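One structure below.
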Amino acid sequence: MSNVSSYALRMARLSAHIFGEIVRPTDSKSMKVVKLFSEQPLAKREEVYAWYPPHNTYSGLMKKLRYLGLYRDEHQDFKEEMRRLKKLRGKEKPKKGEGKRALKKK
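Using our numbering, read the sequence shown as starting at 16 and increasing by one per residue.
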């Protein structure tokens, strides 16, 4: 028998539980699982989430540069030109509350 009192054993288990250590003695297979769960999740590792550039920052910067005239976005220019031509033909989207469904009710 061990010469450690039950109170000391319970306090040791509680201490291990509070500080995230292994509560009971385990074998090597179980230790592998404990090690896997103690590691940081893959999605929260910096080398994973910092792999791609910050697109939100870059797109905001490019919009501001375009507004100032220092950057030319051909695709955005094309979309604006198509919107302008639709408006000239009278084919633009109706404003809120002026669509087909709203006109039916009146």
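All C-beta atoms in this analysis are idealised placements derived from N, C-alpha and C, irrespective of residue type, glycine included. A quick note: this is a predicted structure, and the numbers were derived from the prediction, not measured.
query                                                                          : result
Where D92 falls: helix, strand or coil (DSSP)                                  : helix
V63 vs L57 beta-carbon contact at 7 Å                                          : yes
Best match in E36, N71, P69, K108 for proximity to E54 [C-alpha to C-alpha]    : E36
Best match in I33, K50, F34 for proximity to T41 [C-alpha to C-alpha]          : K50
Contact belief for R81 with D88 at Cβ below 8 Å, rounded distance in angstroms : 5 Å
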